[in-house]
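Chemist:
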């Protein structure tokens with residue numbers, strides 16, 4: 001009860017930031033719903049069948065993979081070329097796998113539930129700023145990758161979609177840090193942005209301002225994250241795919257054989 005009250009107090013004290021997080025979640029889900037309707041319509045025209053947006057299979061994938069993603073958030077560690085407050089984890093992998101198997105809506109829902117569980121159980125020490133960053137950066141990776149793959153499921157397209165997602169996460173992550181995260185944390189901790197720049201410069205002397213901080217620390221961090229998540233997904237998805245699609249309606253054999 002005390003933890004719940006503390007969470008409500010935090011929401012009241014950071015209402016603007018919390019509402020921004022809610023709007024971002026709603027916007028991302030809205031995009032996936034539109035994409036899913038278009039993809040389902042094309043699928044029905046091609047095969048005569050389409051899966052319900054919230055089928056039992058999809059709901060099951062969301063539940064299981066959200067829990068896995070939440071646990072993976074705790075297995076975090078810093079990377080040597082970025083300040084230690086940037087923590088690397090593999091919690092986007094379940095969302096990518098789920099999105100590949102069941103569509104972008106499922107991938108984004110996994111990202112959302114992962115963040116929501118973290119807020120409910122762990123609370124927030126950043127006034128929801130960190131949670132916004134986690135969701136936006138995760139969605140920036142998952143959305144383009146799973147949307148591209150949703151319309152053409154081949155190994156080649158899966159590779160292209162992951163490359164696009166990796167580039168997107170690097171661009172969005174750097175932009176988010178430059179214009180939102182670093183200024184927000186500077187205000188929150190009363191340290192000024194220069195304190196973060198100095199932390200980056202201690203690791204890489206080429207870092208001297210916000211631009212070089214994002215160029216030499218944030219962008220490489222997210223590129224490594226995108227590449228690592230993509231590589232692991234490629235290694236395990238083929239083995240998991242038959243299980244994840246076990247309850248999906250039958251599709252023409254030719255189509256099924258072409259899927260990654």
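In the working numbering, the protein residues as written are 1 to 260. We treat Cβ as the ideally placed atom computed from N, Cα and C, and that holds for glycine.
Cα-Cα, which of 60, 237, 74 and 180 is closest to residue 122?
Modeler: Ranking 60, 237, 74 and 180 by Cα distance to residue 122 puts 74 first.
Chemist: Kindly identify the DSSP beta-bridge partner or partners of residue 87.
Modeler: Looking at the DSSP assignment, residue 87 forms a beta bridge with 78.
Chemist: Does the structure place the segment 137 to 144 close enough to the segment 191 to 211 that three or more beta carbon pairs sit under 8 angstroms?
Modeler: The segment 191 to 211 is not in contact with the segment 137 to 144.
Chemist: Let me confirm a value: residue 101 is counted as buried when at least 16 other C-beta atoms fall within 10 Å, else exposed. Which label applies?
Modeler: By the neighbour-count rule (16 or more Cβ atoms within 10 Å), residue 101 is buried.
Chemist: Leaving out five residues on either side along the sequence, give the residues of the same chain with a beta carbon under 8 angstroms from the beta carbon of residue 36.
Modeler: 53, 103, 104, 105 and 150.
Chemist: Excluding the five sequence neighbours on either side, which residues of its own chain have a C-beta within less than 6 angstroms of the C-beta of residue 168, listed in chain order?
Modeler: Only 140 and 144 meet the Cβ criterion.
Chemist: In its own chain, which residues sit with a C-beta less than 6 angstroms from the C-beta of residue 117, not counting the 5 before and 5 after it?
Modeler: 70.
Chemist: Suppose the cutoff is 6 angstroms on Cβ atoms and the five residues either side in sequence are ignored; what does the same chain contact list for residue 43 look like?
Modeler: Here the set comprises 50.
Chemist: How many Å lie between residue 204 and residue 245 at the Cα?
Modeler: Rounded to the nearest angstrom, the two C-alpha atoms are 46 angstroms apart.
Chemist: I need the straight-line Cα distance from residue 142 to residue 217, nearest angstrom please.
Modeler: Residue 142 and residue 217: Cα-Cα distance of roughly 22 angstroms.
Chemist: Relative to the alpha-carbon of residue 174, which residue among 230, 133 and 185 has its alpha-carbon at the smallest distance?
Modeler: The shortest C-alpha separation from residue 174 is found at 133.
Chemist: Could you have a look at residue 206 and say whether DSSP puts it in helix, strand or coil?
Modeler: Three-state result, residue 206: coil.
Chemist: Here's a check: name, in chain order, each residue in its chain whose Cβ is nearer than 8 angstroms to the Cβ of residue 221, leaving out the five neighbours to either side.
Modeler: These residues qualify, in order along the chain: 79, 81, 82, 86, 88 and 173.
Chemist: If you draw a straight line from the alpha carbon of residue 39 to that of residue 110, how long is it in whole angstroms?
Modeler: Distance between the alpha carbons of residue 39 and residue 110 is about 20 angstroms.
Chemist: Can you grab the Cα-Cα spacing for the pair residue 18 / residue 202, in whole Å?
Modeler: One C-alpha to the other measures close to 33 angstroms.
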